[in-house]
Amino acid sequence: MTISLLYALVGVVLLGIGLYSLIIYSHLVKKILALNVAGSGVFLFLVATANQTSGPVPDPVPHAMVLTGIVVAVSATALALALACRIHQVTGTARLTENEPE
Amino acid sequence: MDEFPNLADIAFDGILALVVLVLAWKLLRSPNLFKAVVLFISFGLMMSLAWIRLKAVDIALAEAAIGAGLTGALFLIALGKLEGNEHSDHKNNDTNPKSHEGNPKMASGSSD
Amino acid sequence: MTRKHGDSLDSRTGRVMAAISVLALTSVLGWTVWTLPPFSDRMQRLVASNMAISGVENPVTAVLLNFRGYDTLLEIGVLLLAALGVFSAVPSPVILSKSTPSPILILLLRLLLPFIVLAGGYILWIGKYAPGGAFQAGAILAAGGILLSTAAVPFNRFATKTMSIAMGIGLLTFIVVALATMMVRGNFLQYPVAQAGTLILVIEAAATISIAIILTILFIGGNPEESPTAKDEGDKAFIIERDNTTK
Numbered sequence: 001m002t003i004s005l006l007y008a009l010v011g012v013v014l015l016g017i018g019l020y021s022l023i024i025y026s027h028l029v030k031k032i033l034a035l036n037v038a039g040s041g042v043f044l045f046l047v048a049t050a051n052q053t054s055g056p057v058p059d060p061v062p063h064a065m066v067l068t069g070i071v072v073a074v075s076a077t078a079l080a081l082a083l084a085c086r087i088h089q090v091t092g093t094a095r096l097t098e099n100e101p102e
Numbered sequence: 001m002d003e004f005p006n007l008a009d010i011a012f013d014g015i016l017a018l019v020v021l022v023l024a025w026k027l028l029r030s031p032n033l034f035k036a037v038v039l040f041i042s043f044g045l046m047m048s049l050a051w052i053r054l055k056a057v058d059i060a061l062a063e064a065a066i067g068a069g070l071t072g073a074l075f076l077i078a079l080g081k082l083e084g085n086e087h088s089d090h091k092n093n094d095t096n097p098k099s100h101e102g103n104p105k106m107a108s109g110s111s112d
Numbered sequence: 001m002t003r004k005h006g007d008s009l010d011s012r013t014g015r016v017m018a019a020i021s022v023l024a025l026t027s028v029l030g031w032t033v034w035t036l037p038p039f040s041d042r043m044q045r046l047v048a049s050n051m052a053i054s055g056v057e058n059p060v061t062a063v064l065l066n067f068r069g070y071d072t073l074l075e076i077g078v079l080l081l082a083a084l085g086v087f088s089a090v091p092s093p094v095i096l097s098k099s100t101p102s103p104i105l106i107l108l109l110r111l112l113l114p115f116i117v118l119a120g121g122y123i124l125w126i127g128k129y130a131p132g133g134a135f136q137a138g139a140i141l142a143a144g145g146i147l148l149s150t151a152a153v154p155f156n157r158f159a160t161k162t163m164s165i166a167m168g169i170g171l172l173t174f175i176v177v178a179l180a181t182m183m184v185r186g187n188f189l190q191y192p193v194a195q196a197g198t199l200i201l202v203i204e205a206a207a208t209i210s211i212a213i214i215l216t217i218l219f220i221g222g223n224p225e226e227s228p229t230a231k232d233e234g235d236k237a238f239i240i241e242r243d244n245t246t247k
């Protein structure tokens, strides 16, 4: 069990926690938090597999991918939060209800 | 590079992994959203440490600035817009439109 | 169908099904991780052997801006798109605050902003040799922008106009360089080897400005040009989020 393997497993568990919370919680901000946690898990997995090189230098291609991913994640989070605030403004609640009023 | 890690490596990485997992679980199970966002900011900082352990220093810089700082600030601003100390519990959110909520000056000023 | 936890799905079967499927996915992924081959070197050797023609000395910057530069171009485009999406999602986002700027924050800004600009410029420049680059520098400058906007520093119309132009300048520079290299070398975004370092620095500088402005605008939550007083009072607009007058 090397360091990279440990972090890769942690990344997979984070993805699972984030996905589960995305499904079961109804508040929009909590869903966005869960998506961020899941995204961080995926990035951790990517960089952990990048660390498994036979030399001392890690593989820089997944590093670049994760850097791009972090920036895209923050812009998607900003847009999602703006939409959530707008939903709250229009419907009065930031929580997805199960029974839609007809 | 990947020889079997020594005791200091095991200790540090094990504790860091445990802290990251516990933070993620706690932040998604807490009904108080403000507490969840604060835990998320500290989760971002712990992830920054994990990136350094994985020899990804550029990502550590970016995560500390963007992931923890900026995303945390965005969440706090959004929580402020969503009625102060919002609880994500199924309380009775009385939906009286407070006057400062959203936008009183719905100016017809989309003039571009 | 009992309700167990306050804010989760109402039905217990729904929660159990979600838990089971997520557990299945996680275990499959975990098994895949466990059985990965121990070493995977090909990409790292490819990058290391081509570092001489990339124009920089930091492998991550080389990959980000030279070998996979198209991804970075699209990423800057995504940032711009997110800012435009935030503009359209909010009707009139810049809400005035009646309070005066806090003196503590103004003092903090006066002390901190020069160092923020210095740190941002340094990290931008050092991205060629050591960990750093455009995104980190842009994020540091955006932190300064966030401090400015929370301190209720008045932005005049020149500043808001400049912000609107600066939002697009990163993507514009990148596309101009890409088209220019296409006309010179025949391939989109293939830098001539002698000028690769200079071109990368130019692209990164423009991208840093753009990223900093866009991240600040994402924090502000809307178009700074559309604040009501910018049109009413002519030249001063307080850009600040509303203060919580009620709890």
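One line per chain: the protein sequences are Y, R and V, in this order. Everything in the first sequence is counted per our numbering, starting at 1 for the first residue and increasing by one. Everything in the second sequence is counted per our numbering, starting at 1 for the first residue and increasing by one. Everything in the third sequence is counted per our numbering, starting at 1 for the first residue and increasing by one. Quick reminder that beta carbons are idealized off the backbone N, C-alpha and C, glycines included. Since this is a predicted model, take the numbers as computed values, not measurements.
Asked, Found
"Sequence-distant residues of its chain with Cβ nearer than 6 Å to E241 (chain V) (five each side left out)", "Bear in mind that the predicted position of E241 (chain V) carries a pLDDT of just 42, short of 50, making it too unreliable to give a figure here."
"DSSP-derived helix/strand/coil call for N51 (chain Y)", "coil"
"Chain V contact for L44 (chain Y) (CB, 8 Å cutoff)", "no"
"Simplified DSSP assignment, three categories, for Y25 (chain Y)", "strand"
"Where N32 (chain R) falls: helix, strand or coil (DSSP)", "strand"
"Close-in-space but distant-in-sequence residues of the same chain around A68 (chain R) (CB under 6 Å, 5 per side omitted)", "I41, G44 and L45"
"Rounded C-alpha distance that separates A137 (chain V) from L36 (chain V)", "35 Å"
"Chain-ordered chain V contacts of T91 (chain Y) [CB-CB under 7 Å]", "None at all; the shortest Cβ gap to chain V is about 14 Å."
"C-beta contact flag for V117 (chain V) and G145 (chain V) at 8 Å", "no"
"DSSP-derived helix/strand/coil call for F174 (chain V)", "helix"
"Counted within 10 angstroms of its Cβ, other Cβ atoms place P192 (chain V) as buried (16 or more) or exposed", "exposed"
"Chain V contacts made by the segment 23-52 of chain Y, where a contact means CB separation under 9 Å", "I23, I24, Y25, S26, H27, K30, F45, A48, T49, A50 and Q52"
"Strand pairing of R95 (chain Y), partner residues [DSSP]", "Y:H27"
"Distance between I24 (chain Y) and V19 (chain R) (C-alpha atoms, nearest Å)", "23 Å"
"Cβ-based neighbour list, A60 (chain R), same chain, cut-off 6 Å, excluding 5 preceding and 5 following", "S48, W51 and I52"
"Exposed unless 16 or more other CB atoms sit within 10 angstroms - verdict on Y122 (chain V)", "exposed"
"P131 (chain V) to N58 (chain V) span [Cα, whole Å]", "7 Å"
"Inter-stretch contact (C-beta, 8 Å, three-pair minimum) for the segment 6-16 of chain Y and the segment 23-32 of chain V", "yes"
"L18 (chain R), DSSP secondary structure in three states", "helix"
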